[in-house]
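Peer 1:
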Amino acid sequence: MASTYADAARHAGAEVRLLELGEMQFDPILRHGYEHSQPLEADLRGAQVDISWAQHLVWVYPIWWGGLPALLKGFLDRIFLPGFAFKYRANSALWDRLLAGRTAELLVTMDFPPWYYRWIQRQPGHRQMKQSILEFSGIRPVHVHSFGPVVKSSAARRAAWIERVRTLGTRAGLL
Numbered sequence: 001m002a003s004t005y006a007d008a009a010r011h012a013g014a015e016v017r018l019l020e021l022g023e024m025q026f027d028p029i030l031r032h033g034y035e036h037s038q039p040l041e042a043d044l045r046g047a048q049v050d051i052s053w054a055q056h057l058v059w060v061y062p063i064w065w066g067g068l069p070a071l072l073k074g075f076l077d078r079i080f081l082p083g084f085a086f087k088y089r090a091n092s093a094l095w096d097r098l099l100a101g102r103t104a105e106l107l108v109t110m111d112f113p114p115w116y117y118r119w120i121q122r123q124p125g126h127r128q129m130k131q132s133i134l135e136f137s138g139i140r141p142v143h144v145h146s147f148g149p150v151v152k153s154s155a156a157r158r159a160a161w162i163e164r165v166r167t168l169g170t171r172a173g174l175l
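Note that the UniProt record's numbering has the sequence shown beginning at 1, numbered continuously upward.
(1) Comparing alpha-carbon positions, which option in Ser3, Leu30, Ala54 lies nearest Leu175?
(2) What does a CB cutoff of less than 7 angstroms around Phe112 pick up in its chain, not counting 5 residues either side in sequence?
(3) Going by other Cβ atoms of all chains shown within 10 Å of its Cβ, with 16 needed for buried, is Val165 buried or exposed?
(4) Could you tell me the alpha carbon to alpha carbon distance between Arg17 and Asp50, rounded to whole angstroms?
(5) With a threshold of 7 angstroms on Cβ separation, who are the neighbours of Trp95 within its own chain once the five nearest residues in sequence on each side are excluded?
(6) Taking the beta strand (DSSP E) that Trp59 falls in, what are its first and last residues?
(7) Identify, in the order they occur along the chain, each residue of the same chain with its Cβ nearer than 8 angstroms to the Cβ of Glu20, setting aside the five sequence neighbours on each side.
(8) Do you know offhand how far Leu98's Cα is from Ser153's?
(9) So, do the stretch 5 to 13 and the stretch 113 to 126 have three or more beta carbon pairs nearer to each other than 8 angstroms?
(10) Would you tell me roughly how many angstroms separate the C-alpha atoms of Gly22 and Glu105, rounded to the nearest one?
(11) From Pro28 to Trp59, what does the alpha carbon distance come to, in whole angstroms?
(12) Have a look at Val142 and Ala70 and give me their C-alpha separation to the nearest angstrom.
(13) Among the residues of its own chain, which have a CB less than 7 angstroms from the CB of Asp43, if the five just before and after it don't count?
And the structure:
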């Protein structure tokens, strides 16, 4: 899905930078919270540069156990830090959203029907990513696209999902 979206956006005229978390070298554990700084590995510094550069962020990932995959969560913990993604105001419960001016799309696969995830499980992973991470940091709007159930899906169904992703990428490239 990620490569389909990226290719379609490029074809429509967008400049695209693709980050593949599985290929990156970093410790996904924020070892000391915000108490002590933890030096960012080169791949994480590069990711922050790319996120700062981007106008539109696209996140492609599966739902695991109702939420974000551990590697994605660790990536976000390590780079969406105070001073980069947000800044708490002195003597206030409010914060500044340092990534404002960007938009995002989430392309999310799952092994159950999206209606079940929405109405029965109440979308905990979508809410966490959209509201608690991206919108908290100023990224909005965030559009969520759910694809599922992947398990036992037909080739025709998966091809339809890929075409939908291609359309989304083309639209993003034309913006």
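For every residue, glycine included, the Cβ atom is placed at its ideal position computed from N, Cα and C.
Peer 2: Here's the rundown:
(1) Distance check between Leu175 and each of Ser3, Leu30, Ala54 places Ala54 closest, using alpha-carbon atoms only.
(2) Gly148, Pro149
(3) buried
(4) Distance between the alpha carbons of Arg17 and Asp50: 7 angstroms.
(5) The residues are Phe86, Lys87, Tyr88, Arg89.
(6) 56 to 62
(7) Cβ within range, chain order: Ala2.
(8) The alpha-carbon atoms of Leu98 and Ser153 are separated by roughly 40 angstroms.
(9) The stretch 5 to 13 is not in contact with the stretch 113 to 126.
(10) Using only the alpha carbons, I get a separation of about 20 angstroms.
(11) 17 angstroms
(12) The straight-line gap from Cα to Cα measures roughly 21 angstroms.
(13) Taking Asp43 as the centre and dropping the five residues before and after it, the same chain places the C-beta of Met24, Gln25, Phe26 closer than 7 angstroms to its C-beta, in chain order.
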